[in-house]
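Participant: Sharing a structure below in structure tokens format, with a few things to ask.
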Amino acid sequence: DAEITQSPRHKITETGRQVTLACHQTWNHNNMFWYRQDLGHGLRLIHYSYGVQDTNKGEVSDGYSVSRSNTEDLPLTLESAASSQTSVYFCASSAGGGLPDTQYFGPGTRLTVL
Amino acid sequence: GIQVEQSPPDLILQEGANSTLRCNFSDSVNNLQWFHQNPWGQLINLFYIPSGTKQNGRLSATTVATERYSLLYISSSQTTDSGVYFCAGREVGTASKLTFGTGTRLQVTL
Numbered sequence: 124d125a126e127i128t129q130s131p132r133h134k135i136t137e138t139g140r141q142v143t144l145a146c147h148q149t150w151n152h153n154n155m156f157w158y159r160q161d162l163g164h165g166l167r168l169i170h171y172s173y174g175v176q177d178t179n180k181g182e183v184s185d186g187y188s189v190s191r192s193n194t195e196d197l198p199l200t201l202e203s204a205a206s207s208q209t210s211v212y213f214c215a216s217s218a219g220g221g222l223p224d225t226q227y228f229g230p231g232t233r234l235t236v237l
Numbered sequence: 000g001i002q003v004e005q006s007p008p009d010l011i012l013q014e015g016a017n018s019t020l021r022c023n024f025s026d027s028v029n030n031l032q033w034f035h036q037n038p039w040g041q042l043i044n045l046f047y048i049p050s051g052t053k054q055n056g057r058l059s060a061t062t063v064a065t066e067r068y069s070l071l072y073i074s075s076s077q078t079t080d081s082g083v084y085f086c087a088g089r090e091v092g093t094a095s096k097l098t099f100g101t102g103t104r105l106q107v108t109l
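Taken in sequence, the protein lines are chains C and U.
According to my numbering, the first sequence is numbered sequentially starting from 124.
According to my numbering, the second sequence is numbered sequentially starting from 0.
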């Protein structure tokens, strides 16, 4: 069965360190998204991609970057982790290309920045 | 950007009861979807429903796009229905980016 996976599921890091969260989907979807979920803010879009070599900023992109070198993966990098980036991070994908754009979510990564 | 308002914010039901969750949008949207986040944090897509009515078991959803709202009906609720329900929509002309509501937290008790 097609799926979307994230790793690690839990991560504790220190302020200032670079952190990369992995997202891998086997749906062969064009579109991939990164969200963060915080109490009181719901789900907020960080970055998204409509295909290989395409990346776009979402509403809370400062301090984060992504790259899309193949269809399956969209890693999210925190260049210099800050305590304000403690959150649960979700990756999602959707087909795009004019098809019904149902989004499917990964299991999430809980990141703590100390 | 659009605003997405969900009501009620919290709901407690006894097992077997029915409920209606509402989602209002500040502007025209398409690509409307409903999600359930279970107590373990997993987000599951329930419905892709830009317009009309769909049913899946005890759940059904109706979207009236011209009036910018959507409803999620849960019948004969079970404890496994507990969690947070989110609606999300795409502002017309903003390809694929969903804006999420802040959710309705549902607790189903025995």
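Backbone N, C-alpha and C define an ideal beta-carbon position, used for all residues, glycine too.
Since this is a predicted model, take the numbers as computed values, not measurements.
#1: What residue from C:Ser203, C:Val183, C:Asp177 has the CA that sits closest to C:Gln141's CA?
#2: Measure the C-alpha to C-alpha separation of C:Thr235 and U:Pro38 and round it to an integer number of angstroms.
#3: Taking Cβ-Cβ distances shorter than 8 angstroms, what residues in chain U pair up with C:Tyr227?
#4: Do you know whose CA, among C:Thr232, C:Ser216, C:Gly220, C:Thr225, lies nearest C:Thr200's CA?
#5: How should U:Gly88 be labelled, buried or exposed, when 16 other C-beta atoms within 10 angstroms of its C-beta is the threshold for buried?
#6: Just the Cα atoms here: how many angstroms apart are C:Tyr171 and U:Ser6?
#7: For U:Lys96 and U:Leu105, I'd like the C-alpha separation in whole angstroms.
#8: Taking the alpha carbon of C:Tyr158 as the point to measure from, which residue in C:Ser217, C:Gly219, C:Val211 has its own alpha carbon closest?
#9: Mind pulling the chain C residues with CB within less than 9 angstroms of U:Gln13?
#10: Can C:Thr209 and C:His152 be called in contact, C-beta distance under 9 angstroms?
#11: For the beta strand (DSSP E) containing U:Leu20, name the first residue and the last one.
Facilitator: Considering the structure as presented:
#1: Position 18 of the first sequence, counting from 1, holds the residue named residue 141 of chain C. Out of C:Ser203, C:Val183, C:Asp177, C:Ser203 has the C-alpha closest to the C-alpha of C:Gln141.
#2: What you label residue 235 of chain C is simply residue 112 of the first sequence in a count that begins at 1. What you label residue 38 of chain U is simply residue 39 of the second sequence in a count that begins at 1. C:Thr235 and U:Pro38: Cα-Cα distance of roughly 20 angstroms.
#3: What you label residue 227 of chain C is simply residue 104 of the first sequence in a count that begins at 1. Those are Asn44, listed as they occur along chain U.
#4: Indexing the first sequence from 1 puts residue 200 of chain C at position 77. Check the Cα spacing between C:Thr200 and each of C:Thr232, C:Ser216, C:Gly220, C:Thr225: the tightest is with C:Thr232.
#5: What you label residue 88 of chain U is simply residue 89 of the second sequence in a count that begins at 1. With 16 or more Cβ atoms within 10 Å of its Cβ, U:Gly88 is classed as buried.
#6: Taking the first sequence and counting its residues from 1, the one referred to as residue 171 of chain C is at position 48. Taking the second sequence and counting its residues from 1, the one referred to as residue 6 of chain U is at position 7. If you take the alpha carbons of C:Tyr171 and U:Ser6, they lie about 28 angstroms apart.
#7: Here residue 96 of chain U refers to the residue found at position 97 of the second sequence. Here residue 105 of chain U refers to the residue found at position 106 of the second sequence. Roughly 26 angstroms separates the two Cα atoms.
#8: To locate residue 158 of chain C, count along the first sequence from 1; it is residue 35. With distances taken between CA atoms, C:Tyr158 lies nearest to C:Val211 out of C:Ser217, C:Gly219, C:Val211.
#9: Numbered from its first residue, the second sequence carries residue 13 of chain U at position 14. U:Gln13 does not reach chain C, its nearest Cβ partner there being about 27 angstroms away, counting only Cβ pairs nearer than 9 angstroms.
#10: Taking the first sequence and counting its residues from 1, the one referred to as residue 209 of chain C is at position 86. Taking the first sequence and counting its residues from 1, the one referred to as residue 152 of chain C is at position 29. Against a cut-off of 9 angstroms, the Cβ pair of C:His152 and C:Thr209 comes out as no contact.
#11: Looking up residue 20 of chain U in the second sequence gives position 21. For U:Leu20, the uninterrupted beta strand (DSSP E) run begins and ends at 18-24, by DSSP.
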